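Novice: Just passing along the structure, written as structure tokens.
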Amino acid sequence: MSKIDEKLQPVLDEVLRRNAGEAEFHQAVKEVLESLGRVVAKHPDYADHALIERICEPERQIIFRVPWIDDDGQVQINRGFRVQFNSALGPYKGGIRFHPSVNLGIIKFLGFEQIFKNALTGMPIGGGKGGSDFNPRGRSDREIMRFCQAFMLELHRHLGEYTDVPAGDIGVGGREIGYMFGQYKRLTNRYEAGVLTGKGLAYGGSRARTEATGFGLVYFVQQMLATKGQSLDGKRVVVSGSGNVAIYAIDKVRQFGGTVVACSDSNGYIVDEEGIDLALLREIKEVRRARLSTYVELKGPGARYIEGGSIWDVPCQIALPCATQNELTGKDATTLIKNGVEVVGEGANMPSTPDAVDLFHGQGVMFAPGKAANAGGVATSALEMQQNASRDSWSFEQTEARLAQIMRGIHDDCAATADEYSAPGNYVLGANIAGFVRVAEAMSALGVV
Ligand code: NDP
Ligand code: 2IT
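For the record, in the sequence shown the residue sitting at position 325 is 621 according to our numbering, with numbers rising by one throughout.
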């Protein structure tokens, strides 16, 4: 288990003191600081001018009230957040999450991870994240629209294609981005396409953005397997979640010859030994917006639904957690290892707990951290911004080819950095250091701001 360097311990202590009670934010900062000991030993100048302390402190944090009226005419109050974490490399960039669990600590952890992820893409984007504790579950389409409009009524004054460019995350997909873009356009009287990404193709979206995170994750896993002379062909795979990232990870695994035998939602998981029927899954999640248990009713015998429990009990060679933070614990890791898991690739942000990551490293399981493996989504968002800036629209093939190339680049960058810092095969260290160095170079050049 990596330990924090004694020079960096005071930085962590200060983060813990200043951000009391924000457990997920503490977890994300600690993991990065544990990787940076080797960097400051080699390049002490990166610790000058409180550079690392500044990286841990958001440039700006916005919290606001979101009042809206539900279908029964009742006034509802939610809380909105946008944490503009770091703009050394470009405008703040990162998704918006609508989920009842959202609080400031969660948005800060996500914003902090986003800084390094976005740096790894090599694109000119800074790091940020936003969201609300609004629960979209069971809300009508009109309620979703009114909430998105109320949310944007405050948020719009903090955004702009050169300032801050949100996208989707949990609970925010194409529908919500459309309503937010419509409201931004109305409020500003500007058709500023580059202010949001994940837009529909009818109004400035990019082909392959919907698929990008899941596809990118599988490209990353393919690269890892290739270092051992292996491929996805014939592999047995388990994917948690059944949302945007999970669906397109399942799609790409199948294209590469693997079989995904299980996926989940927050109520339970399904097992289908024939391989998840993707058309059926998409119909249930994207069209009907129904619960995953519906799959078994529609598919009939052969598929099983298990209420509650852990999807990680299902034996597999490749595990792709694509639901949420800390969904894969040390206990789950022990089960996966016992069942012969070979590769774990994080599609979600920080889905594995620190003890799970230690177990994977200790047992020689190849492990891809989310900030590298799920970077294909935000990278394709940056390609959407490029298309918007040049008023162009690329083909699916061209966009996906760029995505594949970017994922290969991130993989090779992480692997080479891990080698350089005497930790071959440690993609966590590689990702944290490679991302950090890029941000640190820019921050040093920009002075104390
Ligand atoms: P979606 O809202 O499309 O899907 C989320 C899935 O995860 C659903 O199946 C949901 O189940 C499940 N889930 C959410 N919260 C919980 C929870 N607390 N416990 C158990 N299951 C849960 O979101 P995305 O697919 O977009 O996001 C999934 C993950 O990927 C998140 O960590 C996100 O930050 C990350 N990510 C997303 C990117 C993107 O481009 N969308 C890019 C990079 C990372 P249920 O329906 O029951 O809530
Ligand atoms: O976590 C993430 O990288 C995202 N939710 C996507 C962010 C983006 O701006 O596309």
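Even glycine gets a Cβ: it sits at the ideal position worked out from N, Cα and C.
Quick caveat: nothing in here was measured; it's all calculated off a predicted structure.
Just the C-alpha distance for residue 306 and residue 472, rounded to the nearest angstrom, thanks.
Specialist: Position 10 of the sequence shown, counted from the start, is the residue given in the question as residue 306. Position 176 of the sequence shown, counted from the start, is the residue given in the question as residue 472. Distance between the alpha carbons of residue 306 and residue 472: 41 Å.
Novice: Would you grab the beta carbon distance between residue 455 and residue 491 for me? Rounded to a whole angstrom, and I think it's under 8 Å.
Specialist: Along the sequence shown, read from residue 1 onward, the residue named residue 455 stands at position 159. Along the sequence shown, read from residue 1 onward, the residue named residue 491 stands at position 195. Right, the Cβ-Cβ distance comes to about 5 Å (below 8 Å), so this counts as a contact.
Novice: Would you say the beta carbon of residue 534 comes nearer than 8 Å to a heavy atom of ligand 1?
Specialist: Counted from its first residue, the sequence shown places residue 534 at position 238. Result no, Cβ not under 8 Å from ligand 1.
Novice: Per DSSP, what are the beta-bridge partners of residue 462 in this structure?
Specialist: Reading the sequence shown from its first residue, position 166 is the one you call residue 462. Residue 462 is bridged to 390.
Novice: In or out: residue 433 buried (at least 16 other Cβ within 10 Å) or exposed?
Specialist: Here residue 433 refers to the residue found at position 137 when the sequence shown is read from its first residue. Classification for residue 433: exposed.
Novice: Could you tell me the distance, in whole angstroms, from the CA atom of residue 381 to the CA atom of residue 510?
Specialist: By one-based count along the sequence shown, residue 381 stands at place 85. By one-based count along the sequence shown, residue 510 stands at place 214. So the alpha carbons of these two residues sit roughly 25 Å apart.
Novice: Using a Cβ-Cβ cut-off of 8 Å (strictly less than) and excluding sequence neighbours within five positions of residue 630, which residues of its own chain qualify?
Specialist: Along the sequence shown, read from residue 1 onward, the residue named residue 630 stands at position 334. Cβ within range, chain order: 655.
Novice: Is the closest heavy atom of ligand 2 to the C-beta of residue 328 under 8 Å?
Specialist: Numbered from 1 along the sequence shown, position 32 holds the residue referred to as residue 328. Not so, every heavy atom of ligand 2 lies at least 8 Å from the Cβ.
Novice: Do you know offhand how far residue 693's Cα is from residue 677's?
Specialist: Along the sequence shown, read from residue 1 onward, the residue named residue 693 stands at position 397. Along the sequence shown, read from residue 1 onward, the residue named residue 677 stands at position 381. Near 16 Å, if we compare the C-alpha coordinates of residue 677 and residue 693.
Novice: Could you round the C-beta distance between residue 354 and residue 389 to whole angstroms and report it? I think they count as a contact, below 8 Å.
Specialist: Taking the sequence shown and counting its residues from 1, one reaches residue 354 at position 58. Taking the sequence shown and counting its residues from 1, one reaches residue 389 at position 93. Contact doesn't hold; Cβ gap of about 14 Å is too wide.
Novice: Which term fits residue 513, buried or exposed, when burial requires 16 or more other beta carbons within 10 angstroms of its beta carbon?
Specialist: Translated into positions along the sequence shown, residue 513 becomes position 217. Buried, by the Cβ-count rule.
Novice: Under a three-way DSSP split, which group does residue 324 fall into?
Specialist: Against the sequence shown, residue 324 aligns to sequence position 28. In this structure, residue 324 counts as helix in the three-state DSSP scheme.
Novice: Here's the rule I'm using: 16 or more other beta-carbon atoms within 10 Å means buried, otherwise exposed. How should residue 642 be labelled?
Specialist: Indexing the sequence shown from 1 puts residue 642 at position 346. The residue in question, residue 642, is buried, as its Cβ has 16 or more Cβ neighbours within 10 Å.
Novice: Is residue 363 helix, strand or coil when you go by DSSP?
Specialist: As a position in the sequence shown, residue 363 is number 67, starting the count at 1. Strand at residue 363.
Novice: Closest to residue 624 by CA distance: which of 650, 602, 585 is it?
Specialist: Within the sequence shown, numbered from 1, the residue matching residue 624 stands at position 328. Of the candidates 650, 602, 585, the one whose C-alpha sits nearest the C-alpha of residue 624 is 650.
Novice: Could you check which residue in 435, 409, 424, 320 has the C-alpha nearest to that of residue 367?
Specialist: Here residue 367 refers to the residue found at position 71 when the sequence shown is read from its first residue. The option with the nearest alpha carbon to residue 367 is 435.
Novice: Can you tell me whether residue 302 is buried or exposed? The criterion is at least 16 other CB atoms within 10 Å of its CB, across all chains shown.
Specialist: Counting from 1 along the sequence shown, the entry for residue 302 is found at position 6. Residue 302 is exposed by the Cβ-count criterion.
Novice: Is the beta carbon of residue 621 less than 9 Å from the beta carbon of residue 646?
Specialist: In the sequence shown, counting from the first residue as 1, residue 621 sits at position 325. In the sequence shown, counting from the first residue as 1, residue 646 sits at position 350. Yes. Within cutoff.
Novice: Please state whether DSSP places residue 449 in a helix, a strand or coil.
Specialist: As a working note, residue 449 is residue 153 in the sequence shown. Helix.
Novice: Do residue 616 and residue 724 have their beta-carbon atoms positioned less than 9 Å apart in this structure?
Specialist: To locate residue 724, count along the sequence shown from 1; it is residue 428. To locate residue 616, count along the sequence shown from 1; it is residue 320. In this structure, residue 616 does not lie closer than 9 Å to residue 724 by Cβ.
Novice: Rounded to whole angstroms, what's the CA-CA distance from residue 652 to residue 640? Just pull it up for me.
Specialist: Counted from its first residue, the sequence shown places residue 652 at position 356. Counted from its first residue, the sequence shown places residue 640 at position 344. In a straight line, the C-alpha of residue 652 is about 11 Å away from that of residue 640.
Novice: Can you name the residues that DSSP bridges to residue 648?
Specialist: Numbered from its first residue, the sequence shown carries residue 648 at position 352. DSSP, once it has assigned bridges, lists 624 as partnering residue 648.
Novice: Quick one: grab the DSSP three-state call for residue 381.
Specialist: Locating residue 381 in the sequence shown gives position 85, counting from the first residue. Of the three classes helix, strand and coil, the one that applies to residue 381 here is strand, per DSSP.
Novice: If you measure from the CB of residue 737, is any heavy atom of ligand 1 nearer than 8 Å?
Specialist: On the sequence shown, position 441 is the one that residue 737 refers to. Checking the Cβ of residue 737 against ligand 1 gives no.
Novice: So does the region 372 to 381 actually touch the region 334 to 350, counting three or more Cβ pairs closer than 8 Å?
Specialist: Because the criterion of three Cβ pairs below 8 Å is not met, the region 372 to 381 and the region 334 to 350 do not touch.
Novice: Using the Cα positions of residue 555 and residue 627, report the straight-line distance between them to the nearest angstrom.
Specialist: Residue 555 sits at position 259 when you count from the first residue of the sequence shown. Residue 627 sits at position 331 when you count from the first residue of the sequence shown. The straight-line gap from Cα to Cα measures roughly 24 Å.
Novice: How about residue 342 and residue 736: are their beta carbons less than 9 Å apart?
Specialist: The residue you call residue 342 lines up with position 46 of the sequence shown. The residue you call residue 736 lines up with position 440 of the sequence shown. Contact: yes.
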